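Trainee: Structure incoming, see below.
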Amino acid sequence: MRAQQQEAWCACWSCQHPIQKDSMVLRCPVCNALQPYYDDDPFTVLAVAPSYTLDFKQVDESYIRLQAEMHPDRFPLASAKEKRIAAANTATLNACYGTLRHPLKRAVALMAHAGQRASTSNEQTTIDDPDLLMDMMTLREQLADSDVAEAKRCYLEHLAACEGAIDGAHRQQDWDAMDRHVTRLRYLLRLGEDVVGG
Amino acid sequence: MALLQVHEPGATPHPHQEDDSDAVAVGIDLGTTHSLVAYYGERGHGDKGDVQVIADEQGRCLLPSALAMRGEECVAVGYEALACAARDVHVVTSIKRFMGRGIDDVAGEDTLYPIESGEGGMVRLRLGDVTHSPVALSALLLRALRERAERALGFAVTKAVITVPAYFDDSARLATKDAARLAGLQVLRLVNEPTAAALAYGLDSGNEGLYAVYDFGGGTFDMSLLRLRKGVFQVLATGGDCALGGDDFDRDVRAALHKEGWTGSGDKAQDLRLVRQLRETLSSKESVSLDDGVVLTREAMEEAVMPLVERSLQICGNVMGDAEGISVDDIRGVVLAGGLTRTPIVREQVESFFHRPPITGMDPDQVVVWGAARQARALTTGAQTLLLDVCPLSLGLETMGGLFERIIARNSPIPSQKTQTFTTWQDGQVAMSLHVLQGEREMASDNRSLARFVLDDIPPMTAGAARIDVSFTIDADGLLTVQAQEQSTGHQQRIEVKPSYGLSEQEMIAMLRQSAEHGRDDMVKRLLLQARVEGRRLLSAVDSALVQAGHLCSVSERKSIDEAISILARAVQRDTKEDITRAMDALEKATEPFAQRRMQEAMRSALKGRSTQDVESAMQDNKNKP
Chain A
97 MRAQQQEAWC
107 ACWSCQHPIQ
117 KDSMVLRCPV
127 CNALQPYYDD
137 DPFTVLAVAP
147 SYTLDFKQVD
157 ESYIRLQAEM
167 HPDRFPLASA
177 KEKRIAAANT
187 ATLNACYGTL
197 RHPLKRAVAL
207 MAHAGQRAST
217 SNEQTTIDDP
227 DLLMDMMTLR
237 EQLADSDVAE
247 AKRCYLEHLA
257 ACEGAIDGAH
267 RQQDWDAMDR
277 HVTRLRYLLR
287 LGEDVVGG
Chain B
10 MALLQVHEPG
20 ATPHPHQEDD
30 SDAVAVGIDL
40 GTTHSLVAYY
50 GERGHGDKGD
60 VQVIADEQGR
70 CLLPSALAMR
80 GEECVAVGYE
90 ALACAARDVH
100 VVTSIKRFMG
110 RGIDDVAGED
120 TLYPIESGEG
130 GMVRLRLGDV
140 THSPVALSAL
150 LLRALRERAE
160 RALGFAVTKA
170 VITVPAYFDD
180 SARLATKDAA
190 RLAGLQVLRL
200 VNEPTAAALA
210 YGLDSGNEGL
220 YAVYDFGGGT
230 FDMSLLRLRK
240 GVFQVLATGG
250 DCALGGDDFD
260 RDVRAALHKE
270 GWTGSGDKAQ
280 DLRLVRQLRE
290 TLSSKESVSL
300 DDGVVLTREA
310 MEEAVMPLVE
320 RSLQICGNVM
330 GDAEGISVDD
340 IRGVVLAGGL
350 TRTPIVREQV
360 ESFFHRPPIT
370 GMDPDQVVVW
380 GAARQARALT
390 TGAQTLLLDV
400 CPLSLGLETM
410 GGLFERIIAR
420 NSPIPSQKTQ
430 TFTTWQDGQV
440 AMSLHVLQGE
450 REMASDNRSL
460 ARFVLDDIPP
470 MTAGAARIDV
480 SFTIDADGLL
490 TVQAQEQSTG
500 HQQRIEVKPS
510 YGLSEQEMIA
520 MLRQSAEHGR
530 DDMVKRLLLQ
540 ARVEGRRLLS
550 AVDSALVQAG
560 HLCSVSERKS
570 IDEAISILAR
580 AVQRDTKEDI
590 TRAMDALEKA
600 TEPFAQRRMQ
610 EAMRSALKGR
620 STQDVESAMQ
630 DNKNKP
C-alpha cells in the first residue's frame, strides 16, 4: 500500500483546489470541504507511530478527536456528497480503530504498513508448518488437562510471549520472524476461544 | 417587513424568527405504551434553553400509544382512544411490538388481536372487518404527535429524531422510518433509546467514565454500556430483547391472579389494562383488592414478574461480557429509563446487580424523549455532543451448507463498512444468490432473514475463478445497504435492504399517494398556522415600534395604522390564510412611511459625533448579519 503511492496530489472534489493525497489532510484549505480518506492504513488514519505496543490512551484520544471532526452528525447541513464522505470516512476510522485494538489484526496491519504481506492474512484454515502444528497440539492437550484457572494463566502466558516476540521482530524489522510469530498468534487466539472461551 | 429591521444589534425582539419549520426538529419517543414529543426551546434572552416536553391541551405529556379505529378510519388517539367504548370501534395498543415483524416471528405469541399474514408474510392486525399494517398504525401515532407539536410551536414540523430500542433489528428500524415518512416527517436520525437516555443525563452531570443504561419499557428491554468523555457518548456494547417489557409483566401478573381465582371480565384487553393499573399501584402500596374479593399483594406480584427481571439481568451480564475487560465495579453509574423501572423490585435487583443504587434524577418516562430532543437540536443547529453508537446484531450472508457467515459483528461501531470476497462453486456459474441475514446463531435459518437478491451476468468461468465482492454498509441510523460486484466485469448490483417484513414497496407507494390526498388538507392547515404566527409576529413588532417611536407618526397616519392593526388582529383569529396575508400587506403598507422615518431617525442618532467611515462600516456590519 505505502510503497505504491504514486499520485501524491489530487483535486478537491468541491472546489478543484489541489490537495496533497494524505490522510492527514482532512479538509480543503480553500473551501473547507471534508476530503475522503485516500489511505486505510490504521497507523496513518489514527496518526500513531507504527509499533506493536501502542499507547491505547493516545489511540482513544485520536479516535475521539477524529470522530468529532468527521462523524455524519457533524454535517447536518452539508451537501449529500459531503455527508457521504463523512459516513465513509467514519466507517474507515471505525475499521482502523478496531484493527489497532485487535492483537492479530494490528500485527497484520503493521506488516502491511511496511509493505510486507503476512501469510496469515488470507483465510487459511490449516497449519502447514509441522513444528507449529506439533506445538499447538501439545499446548491444547496441556490446557485441556489443567483446571480452568490454570489453563487460563498458562494460555495468557503463551499469548504474552507470542506478542512479545512479534514486537521484538518488528523492532528489528525481521519480517520472516514476524510473519512466523503472527501465524502463531492466529492459532493461539483460536485455541484461546476454544479452550478458555476467549 | 421594514419595521423589523430597526433594532439594536443583539436586541432582536424575536430571537429565532428564521428558525421555524426549517431549523426546528422535534424529538419523538415512539413507545409501546406511551409516546412523547419534545423540542429544544430557547427561553427568552440570556436564559439557557432546554428541552420542553410538549403537553396536550389538558397538560398531559404522555400520549398513550393507543388508536381507536372504526374500519379504515382512526376516530381517536391516546387517552381518548383508550376511553372509546363504541361497539364498532376497535382500540389498538402495543403496536410497536409488531414493527418489522413477520407472521412467523409472532407465531405462538399471546396477542390481543388476531394476526394475519399480509403480502410476503408481513404481520397485519385484524380489527373487525379490516386489517392494518403496524407501520400505517404507527404513522397515525406519529401524525398525532406531529400535530401536537405544531399546535404548540405554531408552525409546520417536518423533521424529527425518533428513538428506537437499541436491539431493534434492521426491519424494525426501517419500519419505523417508513411510518415517519407516512406521517410527513423526515427522520434526521434514528437514535437508540438507551443512548438518548444517556444523553439526557450525561449533559446535566458532566460526568466522565463508564455508565450503564437500563431501559425497561412497555414492550422492550435494552441495556447499553457507554463511555462518557467531554460530551462524547461512546457506546461500547448493547443488548436487549424486543419482546420483554411491561406487556409481559401484565401477562404474568394476570396469570397469577387467575391462579388466585380471579375470573376477570372476559375482555382480554380490558383485563390487561386493569392488571397494569394494579401493578403500578403496587409500586407504592403493599396490596390491592379486586372487586371479587381477590387480593394481590406486592410480594405475589413480584414473584410473578421475577423471572422477567432475571432475564433482563442476564442480558446485562451478556453485555458486560461483550465489552471485554469491563467488570461491574468499573461502572460509575446506572441510568434508569422506561416506566417499568419505577417498580421497586426492578430497582432493588438493578442495585444488587450493579453494586450501587441507580441514578433516578429524571422521570423515567421522559428521559428518552429528552435525549431525542437534544439530538434533534444537535442535528439542526449543531452542538458539542457526539453520539457514537454500535449495531446491536451481527449482519452477514448465508453460505454453502446453510451456515451464517458474519460480515459485520455485533457491537461494531457505526457507520461501518466491510467487504468480503466470495466466489462461484460451479463451472460456468453465471448467477449468485445472496441471502442477507441478521442474528447471532450459527445456522442461517435460525437468524432473521433481511433480504435475498441475485447477482447475475457473471461471466462464465471455472469454479472458484470469479471474485465477487459483497460489501455491507451500515449508516448512522443503523440501516444496512448491501452491494455486490463481480470484479472482472465490474457488474454491480446494489440493494437497500428492504425487509421481508414491514411494508411492501407497492403498499408504501399507495399509502403515500393516499396521504398526499389527505396531505392537501394538512397543507392548508399548516399554511394557516404559519400565516397566523407571522401575523402575530408582525402585530407585536408594530406594537413595540409604536411604543418606542410613536411620536414619529402623524395623527392621520396613526389612525390608518391602528385600523390596519385591528383588521389583522381579527384576521389571525379567523381561518383563512388569504385574509391574514392581505391584512399583513395592508399593515406593512400603512407603516411604510413610519418605518422610513424611524430608519432615518436611527441613522441620525447613529451619525451623531461619528465620521462617515464609521457609519458606513456600521451599516456594512448590519448588512452582514444573517
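For the record, the sequence lines run as chains A and B.
If you read the first sequence in our numbering, its first letter stands for residue 97, the second for the next number, and so on.
If you read the second sequence in our numbering, its first letter stands for residue 10, the second for the next number, and so on.
Just so you know, even glycine gets a beta-carbon here, dropped at the ideal spot from N, CA and C.
In this text the structure is predicted, and so the values were computed from the model without any measurement.
1) According to a CB-to-CB cut-off of less than 7 Å, which residues of the segment 224 to 258 of chain A neighbour chain B?
2) Give me the residue from Val222(B), Ala440(B), Ala453(B), Val196(B) with the minimum Cα distance to glycine 2(B).
3) When the Cβ atoms of the segment 192 to 207 of chain B are set against those of the segment 234 to 246 of chain B, are three or more pairs found closer than 8 Å?
4) Can you tell me the Cα-Cα spacing of alanine 175(B) and serine 233(B), whole angstroms?
5) How is the alpha helix (DSSP H) around isoleucine 112(B) delimited, first residue to last?
6) Give the straight-line distance between the Cα atoms of serine 274(B) and lysine 179(A), rounded to the nearest whole angstrom.
7) Can you pull the chain B neighbours of histidine 167(A), defined as C-beta to C-beta under 8 Å?
8) Thinking C-alpha only, which one of Arg579(B), Arg567(B), Ile368(B) is nearest proline 602(B)?
9) Taking only beta-carbon atoms, is glutamine 163(A) less than 8 Å away from chain B?
10) Report the CB separation of threonine 216(A) from arginine 267(A) in whole angstroms; it is logged as a contact under 8 Å.
11) DSSP state of valine 166(B), grouped into three classes?
12) Assuming glycine 226(B) and glycine 347(B) form a contact by the criterion Cβ under 8 Å, report the distance between their Cβ atoms to the nearest whole angstrom.
13) Got a sec: is the Cβ-Cβ distance from asparagine 64(A) to anything in chain B below 8 Å?
14) Label arginine 286(A) either buried or exposed according to how many other C-beta atoms from any shown protein chain fall within 10 Å of its C-beta, with 16 as the threshold for buried.
15) Check the C-beta distance from glutamine 435(B) over to alanine 472(B) and give it rounded, since I have them as a contact under 8 Å.
16) Is there a Cβ of chain B sitting closer than 8 Å to that of proline 172(A), yes or no?
17) Hey, quick one: how far does the beta strand (DSSP E) through aspartate 97(B) stretch, first residue to last?
18) Could you give the DSSP three-state label for tyrosine 193(A): helix, strand or coil?
19) Tell me the residue span of the alpha helix (DSSP H) that contains proline 316(B).
20) Using the rule of at least 16 other Cβ atoms within 10 Å of the residue's Cβ for burial, across every protein chain shown, is proline 73(B) buried or exposed?
21) Between the Cα of isoleucine 6(B) and the Cα atoms of Arg341(B), Asp179(B), Ala382(B), which residue gives the shortest distance?
22) For a cutoff of 8 Å on Cβ pairs, would you count leucine 237(B) as touching chain A?
23) Quick one: what's tyrosine 48(B) bridged to in DSSP?
24) Can you tell me whether DSSP reads alanine 188(B) as helix, strand or coil?
25) Going along chain A, which residues have a C-beta under 7 Å from alanine 387(B)?
26) Closest to aspartate 374(B) by C-alpha separation, out of Leu561(B), Asp224(B), Leu235(B), would be which residue?
27) With DSSP run on the structure shown, which of helix, strand or coil describes phenylalanine 413(B)?
28) Short of 9 Å Cβ to Cβ, which residues in the segment 453 to 469 of chain B face chain D?
29) Which runs of the alpha helix (DSSP H) at least 4 residues long sit entirely within the segment 553 to 590 of chain B? Give them in chain order.
30) Looking only at DSSP bridge pairs, what is arginine 236(B) linked to?
31) Can you confirm whether the segment 79 to 93 of chain B touches the segment 121 to 133 of chain B when touching is taken to mean that 3 or more C-beta pairs between the two stretches lie within less than 8 Å?
32) Using beta carbons (cut-off 8 Å, strictly below), is glutamine 426(B) in contact with chain A?
33) What are the boundary residues of the beta strand (DSSP E) that phenylalanine 431(B) is part of?
34) State buried or exposed for tyrosine 510(B), treating a residue as buried only when at least 16 other CB atoms are found within 10 Å of its CB.
35) List the whole-angstrom C-beta distance separating leucine 305(B) from leucine 322(B), where the pair is believed to meet the contact cut-off of C-beta under 8 Å.
36) At a Cβ cut of 8 Å, what residues of the segment 412 to 442 of chain B count as close to chain A, listed as they run along the chain?
Mentor: Taking the definition as stated:
1) none
2) Because chain B is modelled from 10 through 635, residue 2(B) falls outside the range shown and cannot be assessed.
3) yes
4) Taking the second sequence and counting its residues from 1, the one referred to as residue 175(B) is at position 166. Taking the second sequence and counting its residues from 1, the one referred to as residue 233(B) is at position 224. Taking the straight line joining both Cα atoms gives about 8 Å.
5) Taking the second sequence and counting its residues from 1, the one referred to as residue 112(B) is at position 103. Taken as a continuous stretch (DSSP letters only), isoleucine 112(B) belongs to no alpha helix (DSSP H), as it is neither H nor E.
6) Counted from its first residue, the second sequence places residue 274(B) at position 265. Counted from its first residue, the first sequence places residue 179(A) at position 83. Straight-line Cα distance between these residues: approximately 56 Å.
7) The residue labelled residue 167(A) in the question sits at position 71 within the first sequence. The contacting residues are Leu395, Leu397, Ala485.
8) Your numbering for residue 602(B) matches position 593 in the second sequence. The residue with the shortest Cα to Cα distance from proline 602(B) is Arg567(B).
9) The residue you call residue 163(A) lines up with position 67 of the first sequence. With 8 Å as the cut-off, glutamine 163(A) counts as an interface residue toward chain B.
10) The residue given as residue 216(A) occupies position 120 in the first sequence. The residue given as residue 267(A) occupies position 171 in the first sequence. Contact flag wrong, Cβ pair sits at about 20 Å.
11) As a position in the second sequence, residue 166(B) is number 157, starting the count at 1. Looking at valine 166(B) - three-state DSSP - the assignment turns out to be coil, as it is neither helix nor strand.
12) Translated into the one-based positions of the second sequence, residue 226(B) becomes position 217. Translated into the one-based positions of the second sequence, residue 347(B) becomes position 338. At roughly 4 Å, the Cβ-Cβ gap stays under 8 Å, so glycine 226(B) and glycine 347(B) are in contact.
13) In the structure as shown, chain A begins at 97 and stops at 294. Residue 64(A) is therefore absent and cannot be evaluated.
14) By 1-based counting over the first sequence, the position of residue 286(A) is 190. With fewer than 16 other Cβ atoms within 10 Å, it is exposed.
15) Position 426 of the second sequence, counted from the first residue, corresponds to residue 435(B). Position 463 of the second sequence, counted from the first residue, corresponds to residue 472(B). At roughly 5 Å, the Cβ-Cβ gap stays under 8 Å, so glutamine 435(B) and alanine 472(B) are in contact.
16) As a first step, residue 172(A) must be located in the first sequence, where it is residue number 76. Answer yes: the Cβ-Cβ gap between proline 172(A) and chain B drops below 8 Å somewhere.
17) Along the second sequence, one-based indexing puts residue 97(B) at 88. No beta strand (DSSP E) contains aspartate 97(B), which DSSP labels as neither H nor E.
18) Translated into the one-based positions of the first sequence, residue 193(A) becomes position 97. It is helical.
19) Here residue 316(B) refers to the residue found at position 307 when the second sequence is read from its first residue. Per DSSP, proline 316(B) belongs to the alpha helix (DSSP H) from 307 to 331.
20) The residue labelled residue 73(B) in the question sits at position 64 within the second sequence. Buried.
21) Residue coverage of chain B in this structure runs from 10 to 635, which leaves residue 6(B) outside it and unanswerable.
22) For the purposes of this step, residue 237(B) is identified with residue 228 of the second sequence, where counting begins at 1. Judged by the 8 Å Cβ criterion, leucine 237(B) is not in contact with chain A.
23) Within the second sequence, the letter at position 39 stands for residue 48(B). DSSP lists Gln61(B) as partners of tyrosine 48(B).
24) Residue mapping note: residue 188(B) aligns to position 179 of the second sequence, counting from 1. Of the three classes helix, strand and coil, the one that applies to alanine 188(B) here is helix, per DSSP.
25) Within the second sequence, residue 387(B) is the residue found at index 378, counting from 1. The answer, in chain order, is Asp169.
26) The residue you call residue 374(B) lines up with position 365 of the second sequence. With distances taken between Cα atoms, aspartate 374(B) lies closest to Asp224(B).
27) As a first step, residue 413(B) is located in the second sequence; it is residue number 404 there, counting from the start. Looking at phenylalanine 413(B) - three-state DSSP - the assignment turns out to be strand.
28) Although the question refers to chain D, the structure presented lacks it and instead comprises the protein chains A and B.
29) 564 to 580
30) Position 227 of the second sequence, counted from the start, is the residue given in the question as residue 236(B). DSSP, once it has assigned bridges, lists Leu219(B), Gln243(B) as partnering arginine 236(B).
31) no
32) Counted from its first residue, the second sequence places residue 426(B) at position 417. Interface residue, yes.
33) In the second sequence, residue 431(B) corresponds to position 422, counting from 1. Element bounds for phenylalanine 431(B): 425 to 431.
34) In the second sequence, the residue the question calls residue 510(B) occupies position 501. Note that tyrosine 510(B) scores a pLDDT of 49, beneath 50, so its modelled location is shaky; the value from the coordinates is reported in the next line. Tyrosine 510(B) comes out buried.
35) Residue numbering aside, residue 305(B) sits at position 296 when the second sequence is read from its first letter. Residue numbering aside, residue 322(B) sits at position 313 when the second sequence is read from its first letter. Actually they do not touch by this definition, with Cβ atoms about 24 Å apart.
36) Ser421, Pro422, Ile423, Pro424, Ser425, Gln426, Lys427
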